[in-house]
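Single-structure report; data block below.
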Amino acid sequence: MRPNPIPPQPGQESVWDYPRPARLEDTKKSIRIIVNNIVLAETSKAKRVIETSHPPSYYIPSEDIKLEYLIETPKKTWCEWKGKCQYYDISIGDKYINNAAWRYFDPTSDFVTIQEYYAFYPSLMDACYVNDELVMSQPGDFYGGWITSDIVGPFKGSPGTMGW
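Letter 12 of the sequence shown, counting from 1, is numbered 12 in UniProt numbering, and no numbers are missing.
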């Protein structure tokens with residue numbers, strides 16, 4: 001059963017107006033990720049994936065990430081929209097985070113431009129920012145959406161929302 005979308009106010013987007021299947025968009029928003037007092041990633045050349053009921057996931061180009069802190073894991077998944085995905089742990093100082101980032105190493109034709117881009121679970125980072133606004137993470141442990149004040153839901157991910 002579809003929930004009642006929150007009406008967006010001026011300057012806001014509703015995740016219920018996002019498309020299905022998912023769509024990839026360029027964004028000029030400033031993205032910054034902090035882990036263990038280190039700026040792990042910072043860019044104004046990100047891409048975002050939007051999909052009905054999900055806050056955006058941001059993908060950061062590899063040249064704007066301190067890749068020396070990422071460790072490839074054996075975990076691989078497949079997304080019907082985006083393709084084959086590889087996961088990465090993060091190790092910075094005494095902090096180790098399992099399966100904290102991912103990238104599509106064999107993306108579908110609609111998502112081929114994110115092949116050298118990485119996404120991060122905001123719930124596992126110390127802080128993630130969009131245009132200097134601290135991000136809230138999408139509910140649940142399966143999705144990696146970034147919630148900011150310009151995005152309204154309700155959002156998929158909480159218990160009971162899998163059928164949305």
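Glycine included, C-beta positions come from ideal geometry on N, C-alpha and C. None of these values were measured; they are calculated from a predicted model.
Only buried fits Tyr88, as 16 or more other CB atoms lie within 10 angstroms of its CB.
Short of 8 Å from the beta carbon of Cys85, and not among the five residues preceding or following it, lie these beta carbons of its own chain, in chain order: Lys76, Thr77, Trp78, Cys79, Trp102, Arg103, Tyr104 and Phe105. Nearest Cα to Asn37 within the set Ala127, Phe142, Ile71 and Lys47: Ala127. Rounded to the nearest whole angstrom, the CA to CA distance from Thr113 to Asn131 is 23 Å.
Straight across, the Cα-Cα distance linking Ile97 with Thr73 is about 11 Å. Of the residues Met125, Asn99 and Tyr143, the one whose Cα lies closest to the Cα of Pro56 is Tyr143.
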